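**Student:** Start counting the sequence shown at 1; every next residue gets the next number (UniProt numbering).
All residues carry an ideal CB built from backbone N, CA and C; glycine is no exception.
Everything numeric in this text was worked out from a predicted model, so none of it was measured.
Pasting a structure here, questions to come.
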Amino acid sequence: VNLVFIGHVDAGKSTLSGNILYLTDNVDKRTIEKYEKEAKDLNRESWFLAFIMDTNEEERAKGKTVEVGRAHFDTEVKRYTILDAPGHKNYVPNMIMGACQADVGVLVISARKGEFETGFDRGGQTREHAMLAKTLGVSYLVVVINK
């Protein structure tokens, strides 16, 4: 099952994706310690879980996903592929590439004051990502409220 994580920039898509991989024992402790150090060195201590998905230096330096991150985890019954789509409006074509491969969309919405509203304002990506996912054939959408 392919899951695409979509939503406005800074909603927490990469961190949530990384946390799922961590909680399903798909990232070892040594790697987590390395990401914690790298995040601290960039003054982004709370973003270490996002580094599981945001693997290139540009993404880590900017704090923004650019390319669709891809990882998987297995359960006893199924294999799930996480597609971590960028949330910035400049990278909508990359988000579309991820959504085209998805069976299920996970729309991540920040509940933080200001972030929530920005996601729905003109130019915000919350509504646009939901509409694009539907248009691209994503039949199921899970809405996750974060932060």
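List, from N- to C-terminal side, the alpha helix (DSSP H) runs of 4 residues or more that fit wholly inside the UniProt domain "Tr-type G" (1-147).
**Tutor:** 13-23, 29-41, 57-62, 92-99, 115-120 and 125-135
**Student:** Leaving out five residues before and five after D84 in sequence, what residues of the same chain have Cβ atoms less than 7 angstroms from its Cβ?
**Tutor:** Here residue 84 is taken as the residue at index 84 of the sequence shown, counted from 1. Only F5, K13, S14, S17, M53, T65, V68 and G69 meet the Cβ criterion.
**Student:** Would you call the CB atoms of T81 and I109 closer than 8 angstroms?
**Tutor:** One-based indexing of the sequence shown puts residue 81 at position 81. One-based indexing of the sequence shown puts residue 109 at position 109. Their beta carbons are not under 8 angstroms apart, which means T81 does not touch I109 by this criterion.
**Student:** Determine the closest residue to G87 out of R79, T135 and M97, with distance taken between C-alpha atoms.
**Tutor:** For this step, residue 87 is matched to residue 87 along the sequence shown. Measuring from the Cα of G87, the nearest candidate turns out to be M97.
**Student:** Kindly indicate which residue of F51, F120, L23 and N43 has the alpha-carbon position closest to the one of K34.
**Tutor:** As a first step, residue 34 must be located in the sequence shown, where it is residue number 34. Closest option to K34, Cα to Cα, is F51.
**Student:** Below 8 angstroms on the Cβ atoms is my guess for G123 versus K89; work out the distance and round it to an integer in Å.
**Tutor:** Indexing the sequence shown from 1 puts residue 123 at position 123. Indexing the sequence shown from 1 puts residue 89 at position 89. About 6 angstroms separates the Cβ atoms of G123 and K89, confirming a contact at the 8 angstroms cut-off.
**Student:** Who are the Cβ neighbours of I141 in its own chain at under 7 angstroms, not counting the five residues just before and after it?
**Tutor:** Along the sequence shown, read from residue 1 onward, the residue named residue 141 stands at position 141. Going by the sequence as given, residue 141 is Leu instead of Ile. The beta carbon of L141 is closer than 7 angstroms to those of G105, L107, A130 and A133 in its chain, skipping five residues each way along the sequence.
**Student:** May I have the straight-line CA-CA distance separating K147 from F116, to the nearest angstrom?
**Tutor:** Along the sequence shown, one-based indexing puts residue 147 at 147. Along the sequence shown, one-based indexing puts residue 116 at 116. The alpha-carbon atoms of K147 and F116 are separated by roughly 10 angstroms.
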